Ligand SMILES: [Zn+2]
Ligand SMILES: [Zn+2]
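Residue numbers (our numbering): 55 to 459.
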């Protein structure tokens, strides 16, 4: 009898607890049938003004080099209270998440690259050409590290990126202003320790060396309004991160798939799995050790395919060595960071977002005859005239509507 009484009470308590959490998760009670649910722990892009002393950090890519629809490769967008925005890495597939934020492309012109693996800069082409067609009015600005030799550095990479996309640029230059197709590169020493690579409008960005695959990779520290955010690139735990990331408000560091999961899901040999999972990258246990040493207000782990089958293994590994506040990132996770609080939410954004115009007028296309026509007479001679006849009425109506000659 006594036992039964206990069990009923326990059930009741569980029910009460679940009900209470449900109300909290929904952000509080809805007080009337025509009311709205307040603060639903969801961020709808473009609907919240950032406070002057706040940073909004968005995970636009948290995955791996192999493509997955659910998770793009590395990209973090930091928006600071003065309006400045910084992309940290622009990994393969990440631009679809960036675009869904509906931020005018003129505000997405500053990119900081941790290193030159495709999962950290593979979508530069999408930002470069896509942004050019969708409203960016000036050049892209890129900051990135040198390498051990000139051909392993960011300036070399971007120079040859533009050479590879020569056909793209030349054909766009004929119909669009070439200005937004330009890229300026600021290359800095990958060995520099806590050195300032950017300082404008009360925002300071510093670089730290990292240990990953070859010489060149770095991590970044962003400082604004007395807040310190660390954006760790790929690395084995290193002494520079321990020294300079200490006491960060929010510290991002990679935590890789566990060696057993690299064997199970990635088909790696046990030898490969150990090398990749514990030497080229950071294991969950080592990630936890880093975080319990630097003690950030909030720790973020990323760089793994985050699903039920991997998440728990990583979490258990991290919890062997770190018990503090933690996010294991997925795409479209967002953190609002201020002195008072660090709030993690998920973004709800449209799959079919259009670009949004910014305040600047697009520069005029080049004057006729100033840029060589990329179509030769041979190709033009293939023009099929019935197509012109078929669209003639539609063109006439359109021209009339817009007072065109
Ligand atoms: Zn890498
Ligand atoms: Zn990577």
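All C-beta atoms, glycine included, are put in the ideal place defined by N, C-alpha and C. The structure displayed is predicted, hence computed values, not measured ones.
Residue i, buried or exposed, once every other Cβ within 10 Å from all chains shown has been counted against 16
{"i": "residue 143", "result": "buried"}
{"i": "residue 270", "result": "buried"}
{"i": "residue 455", "result": "exposed"}
{"i": "residue 78", "result": "Residue placement at residue 78 is poorly supported in this model, since its pLDDT is 46, which falls under 50; the coordinates still yield a value, given next. The residue is exposed, with fewer than 16 neighbouring Cβ atoms inside 10 Å."}
{"i": "residue 125", "result": "buried"}
{"i": "residue 56", "result": "Bear in mind that the predicted position of residue 56 carries a pLDDT of just 42, short of 50, making it unreliable; the figure below should be weighed with that in mind. So residue 56 counts as exposed."}
{"i": "residue 404", "result": "exposed"}
{"i": "residue 302", "result": "buried"}
{"i": "residue 458", "result": "exposed"}
{"i": "residue 254", "result": "exposed"}
{"i": "residue 356", "result": "buried"}
{"i": "residue 164", "result": "buried"}
{"i": "residue 256", "result": "exposed"}
{"i": "residue 89", "result": "exposed"}
{"i": "residue 87", "result": "exposed"}
{"i": "residue 120", "result": "exposed"}
{"i": "residue 372", "result": "buried"}
{"i": "residue 177", "result": "buried"}
Distance between residue j and residue i (C-alpha atoms, nearest Å)
{"i": "residue 115", "j": "residue 437", "result": "43 Å"}
{"i": "residue 131", "j": "residue 264", "result": "20 Å"}
{"i": "residue 389", "j": "residue 432", "result": "56 Å"}
{"i": "residue 153", "j": "residue 413", "result": "17 Å"}
{"i": "residue 224", "j": "residue 428", "result": "7 Å"}
{"i": "residue 370", "j": "residue 314", "result": "13 Å"}
{"i": "residue 212", "j": "residue 195", "result": "11 Å"}
{"i": "residue 207", "j": "residue 451", "result": "53 Å"}
{"i": "residue 147", "j": "residue 127", "result": "6 Å"}
{"i": "residue 283", "j": "residue 277", "result": "6 Å"}
{"i": "residue 360", "j": "residue 113", "result": "13 Å"}
{"i": "residue 348", "j": "residue 161", "result": "32 Å"}
{"i": "residue 445", "j": "residue 439", "result": "10 Å"}
{"i": "residue 375", "j": "residue 174", "result": "28 Å"}
{"i": "residue 291", "j": "residue 425", "result": "51 Å"}
{"i": "residue 82", "j": "residue 344", "result": "36 Å"}
{"i": "residue 251", "j": "residue 285", "result": "14 Å"}
{"i": "residue 75", "j": "residue 399", "result": "Here residue 75 scores only 40 on pLDDT, less than 50, and its place in the model should not be relied on; the value that follows carries that caveat. Those two C-alpha atoms are separated by around 16 Å."}
{"i": "residue 408", "j": "residue 158", "result": "10 Å"}
{"i": "residue 449", "j": "residue 434", "result": "20 Å"}
{"i": "residue 340", "j": "residue 193", "result": "40 Å"}
{"i": "residue 103", "j": "residue 326", "result": "47 Å"}
{"i": "residue 316", "j": "residue 365", "result": "13 Å"}
{"i": "residue 219", "j": "residue 393", "result": "44 Å"}
{"i": "residue 190", "j": "residue 416", "result": "7 Å"}
{"i": "residue 402", "j": "residue 98", "result": "5 Å"}
Residue(s) in a DSSP beta bridge with residue i
{"i": "residue 253", "result": "258"}
{"i": "residue 352", "result": "304"}
{"i": "residue 139", "result": "133"}
{"i": "residue 341", "result": "The partner list for residue 341 (beta bridge, DSSP) is empty, contrary to what the question assumes."}
{"i": "residue 148", "result": "DSSP output for residue 148 lists no bridge partner at all."}
{"i": "residue 165", "result": "141 and 196"}
{"i": "residue 296", "result": "According to DSSP, residue 296 bridges with nothing at all."}
{"i": "residue 290", "result": "265"}
{"i": "residue 381", "result": "354"}
{"i": "residue 97", "result": "401"}
Any chain C beta carbon closer than 8 Å to residue i
{"i": "residue 457", "result": "The structure shown contains no chain C; it is built from a single protein chain."}
Residue of the options minimising C-alpha distance to residue i
{"i": "residue 204", "options": "192, 190, 193 and 242", "result": "242"}
{"i": "residue 266", "options": "329, 226 and 215", "result": "329"}
{"i": "residue 418", "options": "394, 134, 234 and 87", "result": "234"}
{"i": "residue 420", "options": "338, 426 and 231", "result": "231"}
{"i": "residue 221", "options": "284, 179, 158 and 105", "result": "179"}
{"i": "residue 200", "options": "170, 183, 192 and 217", "result": "170"}
{"i": "residue 215", "options": "191, 192 and 183", "result": "183"}
{"i": "residue 530", "options": "251, 354 and 247", "result": "The structure shown does not extend to residue 530, since the chain is modelled only from 55 through 459, so no value can be given for it."}
{"i": "residue 228", "options": "442, 239, 447 and 423", "result": "423"}
{"i": "residue 141", "options": "394, 166 and 322", "result": "166"}
{"i": "residue 396", "options": "108, 97, 138 and 331", "result": "108"}
{"i": "residue 386", "options": "84, 85 and 95", "result": "95"}
{"i": "residue 275", "options": "382, 268, 249 and 186", "result": "249"}
N-terminal and C-terminal residue of the beta strand (DSSP E) that residue i is part of
{"i": "residue 199", "result": "194-199"}
{"i": "residue 390", "result": "387-391"}
{"i": "residue 278", "result": "272-278"}
{"i": "residue 113", "result": "109-115"}
{"i": "residue 399", "result": "396-401"}
{"i": "residue 285", "result": "281-285"}
{"i": "residue 237", "result": "237-242"}
Boundaries (first-last residue) of the alpha helix (DSSP H) holding residue i
{"i": "residue 226", "result": "220-227"}
{"i": "residue 316", "result": "313-320"}
{"i": "residue 328", "result": "324-329"}
{"i": "residue 362", "result": "362-373"}
{"i": "residue 440", "result": "439-455"}
{"i": "residue 172", "result": "172-175"}
{"i": "residue 13", "result": "Residue numbering for the chain in the displayed model covers 55 to 459; residue 13 lies beyond these limits and cannot be assessed."}
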